[in-house]
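Protein chains in written order, with this note's numbering: chain H, 13 to 516; chain W, 4 to 328.
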């Protein structure tokens, strides 16, 4: 078991956040290595650095003991490092074999493709994976699990010595995962170094030999044997101790009538029997591991995905929410997306336009005329109150730091005067100071009578901010924990709810 | 009709347009017997030949998931350069053809290079090069046609090989079969389709995306050049306005033929029937002396219908892909 790939003192900063800080990791041959950490801990940045999609600010990557610097995943693949990404990277209309051999279809651009040879070669890799698929099958006919395995076959066909698997089991059933583990063990026996990224700890303990845990861009541990560690040790390393559970002034008791109530709610995405109530002035946390269905629940309530059963009540009246516009304009529900850049903001537009987008409909004159000054008057005070650091309201929002962008994405809902605010992973990619500020802001809003749902995978944040914590797993609600800000008790109670399924 | 049979027909890109072509031919020839006279067939096939090469020039770019707005402007430029070289510079005809094709390839490569290197959308880049090619065209011709088209070229554009089959069908057949083979069997063809089908997958698989885009535009330029010279042969004159009206039908034919405008899926046979349908509609205008506006409305409706069918197919395809088998 020798060291194949070594990460040494790697640091990487993005505007406003240090993604990796002096991180180390060693992948050895014939070894399955777990890379663990909560959202935003720096796992994906580390993988991107290994494959050349990003370059470290300092530190180095060593392959076979000598430093390497890849400029693209192609170069990494040429040296035997292959990645299977979480997103499917196959061409759906092409055959399995053609997908596996996509970069080796012929010597020159005008070479005639020998499909018989391509499919023969592909069949070899499929056999190696015990995969009973005809290589001539179009990829679009495969199940998700089969596609996952085809991607692994494609990675192996590059004669990979290191295989990076990013959440390979996220969309697999337990039986399919077991089959995948069998293949991983076989590859390990053949000397391949495997990096296994997963949020499912039971899988990690089932398959992995060594582990590296990242938290907030730091190594909590660097390539230590997994044997001897308990699951509780790993969880503690991942979520960390409560470093800063601030003492907060007690808020007035929330009203007794819930603003939003879900009863036996189910969605087209697979939520079942969801019962949830949020009262005005209350902060309800939704905790769960990645894939528990929390953001998806929020989006289903907003009307983005179809409700298939149960009922939604707003202020004691049963309603049907058809669209996000409906949710905002008729029911006063706002949603701060976890994907700030993709879903929350229009990066090339100004601060004013981003913050004002929710109130345009209200402010527009009778003829639909909208005046910049009217919007500025409505939005300006909120921007000021949130201390958004911007030279002017006309500034393009893409030029602000992540923290200030996040403030604007909250500001637009405050400007709209929502009665229920759903905040999804508010502190991903923002600095500690803004994070504390956002926490205070959420409290302030709740004190003012807004109902708040907080979705976060950051345990200290959850315990710092929420009044009570509802635990989700597998698109269902697993239980509820009253938050008394006793970190050990609360975090253990939450974990107990999540793991109840496995014990049962 | 059995439902499954209907679905299978729907899955086939060219079957629908082929049926429509057949129906249109039957209806029109029943109403107007002069439709199927050898002379009329010759005229129809000549139009189809040129329009097919134009449509194939767009099909390559649609396959890679882009658009080429400069197709007509480039075709027109090559057309006038071709005649101009013969008339003004006295270049021998075969050499002038070769020169025309080279201009097409080089201009296409330039388009592709700028698009791939800058990452700016093909729509914008080809919108710009449309203007540039047109400007050069007008600078060369001073907006006056060249009349010095050699007799051999005129004959190529206006006589029949045998019966009602025009010579112009020959370059069309070469282009269509060549492209069909390219998309099915040649590495570059598969690369073009893989980029159109899932750009990220192609890139992460180590495909040279820059080179692939340049190739696609070079082929498109080659076909635009061929179509420009074919049109010169047919019109017997080096008109500076050649190519001005190619845009709509160059997209309409591939789309009617089942191509996904998002890229990754094209059909050469389907495109052919798309071209046939458009040609028949245009002919019907002349035969029945219909107002030109009706033809435009019918053509627009046809595009909407084709896009609707494609959308339905893609939706079913996506559903199949997520459900698995």
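A virtual CB, placed ideally from N, CA and C, is assigned to each residue, including glycine.
Counting along the chain, residue 144/W sits inside the alpha helix (DSSP H) bounded by residues 125–144.
When CB distances to chain H are screened at a threshold of 7 Å, the residues of the region 174–200 of chain W falling below it are 188, 189, 190, 191, 193, 197, 200, in chain order.
Counting along the chain, residue 233/H sits inside the beta strand (DSSP E) bounded by residues 230–237.
When Cβ pairs closer than 8 Å are counted between the two stretches, the region 499–514 of chain H is seen to touch the region 467–481 of chain H, the count reaching three or more. Within the region 258–274 of chain W, the residues whose Cβ lies closer than 8 Å to some Cβ of chain H are 267, 268, listed in chain order. Approximately 5 Å separates the beta-carbon atoms of residue 270/H and residue 291/H; this is inside 8 Å, confirming the contact.
Counting only runs of at least 4 residues, the region 236–283 of chain W fully encloses the following alpha helix (DSSP H) elements, listed from N- to C-terminal order: 250–259. Non-local C-beta neighbours of residue 435/H in its own chain, meaning closer than 6 Å and more than five positions away in sequence, comprise 348, 466, ordered along the chain. Within the region 275–347 of chain H, the beta strand (DSSP E) runs of at least 3 residues that lie entirely inside it are, in chain order, 286–290, 295–299, 319–326, 329–331. By DSSP's assignment, residue 390/H forms no beta bridge with any residue. Here residue 118/H carries a coil assignment [DSSP, helix/strand/coil]. Sixteen is the threshold: when 16 or more other Cβ atoms of the shown chains lie within 10 Å of the Cβ of residue 173/H, as they do, the residue is buried.
Sixteen is the threshold: since fewer than 16 other Cβ atoms of the shown chains lie within 10 Å of the Cβ of residue 177/W, the residue is exposed.
For the options 154/W, 308/W, 52/W, the alpha carbon positioned closest to that of residue 283/W is the one of 52/W. In the DSSP assignment, residue 117/W falls within the unbroken alpha helix (DSSP H) covering 96–121. Counting along the chain, no beta strand (DSSP E) covers residue 182/H, and no H or E run does either. Interface annotation, residue 105/W: not in contact with chain H, CB-CB separation never under 8 Å. The Cβ atoms of residue 236/H and residue 247/H do not sit closer than 8 Å to each other. Residue pairing of residue 45/H in beta bridges, as defined by DSSP: 207/H, 222/H. In the structure shown, residue 293/W adopts coil according to DSSP, grouped into three states.
Cβ-Cβ distances below 6 Å link residue 175/H to 94, 167, 204, 206 in the same chain, with the five nearest sequence neighbours on each side left out; the list follows chain order. Residues of chain H whose Cβ lies closer than 8 Å to the Cβ of residue 210/W are, in chain order, 114, 115. By the neighbour-count criterion, in which 16 or more other beta carbons inside 10 Å mark a residue as buried, residue 30/W falls on the exposed side. Approximately 7 Å separates the beta-carbon atoms of residue 422/H and residue 450/H; this is inside 8 Å, confirming the contact. Secondary structure of residue 147/H (DSSP, three-state): coil. Under DSSP, residue 500/H forms no beta bridge with any residue. One finds nothing in chain H with a Cβ atom closer than 8 Å to the Cβ of residue 239/W; even the nearest lies about 35 Å away. When Cβ-Cβ separations below 8 Å define contact, residue 103/H makes contact with chain W.
Residue 57/H carries a helical assignment under DSSP once its states are collapsed to helix, strand and coil.
Taking residue 341/H as the centre and dropping the five residues before and after it, the same chain places the C-beta of 373 closer than 7 Å to its C-beta, in chain order.
Spatial neighbours of residue 63/W in its own chain (CB-CB distance under 6 Å, excluding positions within 5 residues in sequence) are listed in chain order as 219, 222, 223. In summary, residue 21/H is exposed, with fewer than 16 beta-carbon neighbours lying within 10 Å of its beta-carbon over all protein chains present. Secondary-structure assignment with DSSP links residue 40/H through a beta bridge to 15/H. DSSP places residue 201/H within a helical segment (H, G or I) once states are collapsed to three. The shortest C-alpha to C-alpha distance from residue 507/H to any of 57/H, 296/H, 179/H, 300/H is the one to 300/H.
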